[in-house]
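Residue numbers (my numbering): 141 to 196.
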């Protein structure tokens, strides 16, 4: 699974990036990761429900 660009960019921060921007970068990385996993589990649960309904 390919990581978003924010994960690679947040580890080698230059002196130009302020602390607020780095915190925002970490927050956005966490938000997109949580959203991705939530969407993945929701899709898996939805597909499993459809399969169970079709079988029974």
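The C-beta atom is built at its ideal place from N, Cα and C for all residues, glycine as well.
- Item | C-alpha gap between residue 192 and residue 177, whole angstroms | Position 52 of the chain shown, counted from the first residue, corresponds to residue 192. Position 37 of the chain shown, counted from the first residue, corresponds to residue 177. About 22 Å.
- Query: Taking just the CA atoms, how far does residue 181 sit from residue 187?
  - Reply: For the purposes of this step, residue 187 is taken as residue 47 along the chain shown, with counting starting at 1. For the purposes of this step, residue 181 is taken as residue 41 along the chain shown, with counting starting at 1. Roughly 10 Å between the two C-alpha positions.
- Task: Over the uninterrupted alpha helix (DSSP H) stretch that includes residue 176, give me the two end residues.
- Result: Position 36 of the chain shown, counted from the start, is the residue given in the question as residue 176. 159 to 195 is the span of the alpha helix (DSSP H), which, as asked, contains residue 176.
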